[in-house]
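Residue numbers (full-length UniProt numbering): 1 to 299.
Glycine included, C-beta positions come from ideal geometry on N, C-alpha and C.
Please read the structure below before turning to the comments.
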Amino acid sequence: MAWANVGMQALIPIVNKLQDAFAQLGTTLNFDLPQIAVVGGQSAGKSSVLENFVGKDFLPRGSGIVTRRPLILQLVHDRSEYGEFLHKRSQKFTDFDMIRKEIEDETDRATGQNKGISPEPINLRIFSPNVLNLTLIDLPGLTKVPVGDQPPDIEHQIRKMILTYISRDTCLILAVTPANSDLATSDALKLAREVDPQGLRTIGVLTKLDLMDEGTDARDILENRLFPLRRGYVGVVNRGQKDIVGKKDIRAALDAERKFFISHPSYRYFLLFILLQYSTAMLPLPPLQLATFEAATYR
1 MAWANVGMQA LIPIVNKLQD AFAQLGTTLN FDLPQIAVVG GQSAGKSSVL
51 ENFVGKDFLP RGSGIVTRRP LILQLVHDRS EYGEFLHKRS QKFTDFDMIR
101 KEIEDETDRA TGQNKGISPE PINLRIFSPN VLNLTLIDLP GLTKVPVGDQ
151 PPDIEHQIRK MILTYISRDT CLILAVTPAN SDLATSDALK LAREVDPQGL
201 RTIGVLTKLD LMDEGTDARD ILENRLFPLR RGYVGVVNRG QKDIVGKKDI
251 RAALDAERKF FISHPSYRYF LLFILLQYST AMLPLPPLQL ATFEAATYR
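As structure tokens, then:
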């Protein structure tokens with residue numbers, strides 16, 4: 001379906017312009033546009049997942065709720081590399097540290113400096129030769145206990161804000177959950193199931209695979225056997241706070257992630273499992289050959 005991908009790549013820039021136009025008018029669209037919403041609890045690793053799409057550090061970091069307004073992130077494949085905000089269209093940000101600062105300043109402008117939240121989105125467009133044409137939405141992390149100037153019903157407000165985006169049938173949901181927590185209690189997956197009970201437009205993202213207890217792994221989840229989703233799960237190893245403080249760049253982090261999966265006894269043959277799934281779907285194998293392939297996968 002290469003023609004469909006080409007068509008979508010041409011459609012997304014038009015969608016971006018429509019989003020900007022309606023945002024400037026202070027109104028909402030009366031039809032849904034394709035988007036990818038990133039949902040997860042505090043410290044689940046949402047920021048690292050988003051930054052991996054861009055290959056740059058540009059999102060605010062810290063403890064508690066860091067994302068306090070929705071961030072509509074439009075990625076545009078381009079030879080140049082810079083960012084621009086809808087509220088500052090005349091200014092190009094070539095320093096991604098300044099993009100982070102502008103997100104922080106614009107968040108404080110609408111919410112104050114004491115952890116308040118707002119449903120008013122920040123629109124950021126990033127141009128880069130290293131991205132695909134995509135529209136991503138970073139949403140506040142799910143929380144239960146109010147701090148600072150947050151209202152007593154902070155959990156309800158964030159939940160309502162998230163549902164505004166993920167309830168749309170055209171929204172793909174990235175449900176981010178740390179692998180070192182119980183998936184059965186994942187707030188991200190629970191919320192996704194409310195609006196997508198069949199799991200047709202939900203992708204599970206397991207972060208912190210490297211922080212699981214020794215002798216344990218997430219293979220049953222990644223192989224979509226434990227809590228199955230139509231689109232399955234993706235496992236990632238993101239940078240920890242120590243890596244970020246030590247200025248470990250994303251390219252080095254991706255290399256470390258690759259080495260982790262290659263050397264891990266439970267994950268190094270995972271590619272064979274994926275290949276098995278694809279092969280059995282596309283090329284029906286004789287029973288004996290299929291059994292041999294399955295045995296090789298689970299060694």
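Judged by DSSP secondary structure, Thr216 falls outside any alpha helix (DSSP H); it is assigned neither H nor E.
Residue range 250 to 263 is occupied by the alpha helix (DSSP H) that includes Glu257, with no beta strand (DSSP E) assigned at that position. Taking 3 residues as the minimum length, the beta strand (DSSP E) runs contained wholly in the stretch 150 to 216 are 171 to 178, 202 to 207, in order along the chain. For Ala110, the secondary structure class from DSSP, reduced to helix, strand or coil, is helix. Minimum Cα-Cα distance from Gly215 among the listed residues Pro265, Ile99, Val234 corresponds to Pro265.
Residue state for Arg230 is assigned as coil, using DSSP reduced to three classes. Proximity to Asp196 across Thr185, Asn180, Arg168 peaks at Arg168, based on C-alpha coordinates. Between the alpha carbons of Leu142 and Val49 lies a distance of about 16 Å. By the Cβ criterion, the stretch 197 to 204 is in contact with the stretch 219 to 236, since at least three pairs of Cβ atoms, one from each stretch, lie closer than 8 Å. Non-local beta-carbon contacts of Lys92 in its own chain, meaning distances under 8 Å to residues more than five positions away in sequence, involve Tyr82, Gly83, Glu84 in chain order. By the beta-carbon neighbour count (other beta carbons within 10 angstroms, threshold 16), Ser186 is buried.
In this structure, Val234 lies near Val205, with their beta-carbon atoms less than 7 Å apart. Taking 8 Å as the upper bound for CB-CB distance, Gly40 and Asn238 are not in contact here, some 12 Å apart. Straight-line spacing of the CA atoms in Pro140 and Arg268 works out to 34 Å. Contact between Ile137 and Gln35 holds, since their C-beta atoms are separated by about 6 Å, short of 8 Å. As a beta-bridge residue in DSSP terms, Lys88 pairs with Phe85. Contact between Ile126 and Val54 holds: their C-beta atoms lie close to 6 Å from each other, under 8 Å. Across the set Ser90, Leu124, Val66, Ile99, the C-alpha of Val66 shows the shortest separation from the C-alpha of Gly112. Beta-bridge pairing by DSSP links Val76 to Phe127.
Shown here, Asp95 sits in coil according to DSSP, grouped into three states, outside any helix or strand. Excluding its 5 nearest sequence neighbours in each direction, Ala175 has C-beta neighbours in its own chain below 6 Å: Val39, Ala188, Leu189, Ala192, Thr202, Gly204, listed in chain order. With a beta-carbon spacing of about 27 Å, Asn180 and Gly148 fall beyond the 8 Å limit used to define contacts.
Its chain contains Arg69, Ala110 as the residues whose beta carbon lies nearer than 7 Å to that of Glu120, once the 5 sequence neighbours on both sides are disregarded; these appear in chain order. When secondary structure is reduced to three states using DSSP, Asp105 falls in the helix class.
For Leu136, there is no enclosing alpha helix (DSSP H); the residue is part of the beta strand (DSSP E) that begins and ends at 134 to 138. Of Leu209, Gln157, Ser80, Ile166, the smallest CA-CA separation from Ala256 is found for Leu209. Under DSSP, Gln35 shares a beta bridge with Cys171.
The DSSP-derived three-state label of Ile244 is helix. Spanning the alpha carbons of Met161 and Ala37 requires a straight line of approximately 12 Å.
When only Cα atoms are considered, Pro178 and Glu223 end up about 16 Å apart.
Ile117 and Ile99 have their C-alpha atoms roughly 20 Å apart.
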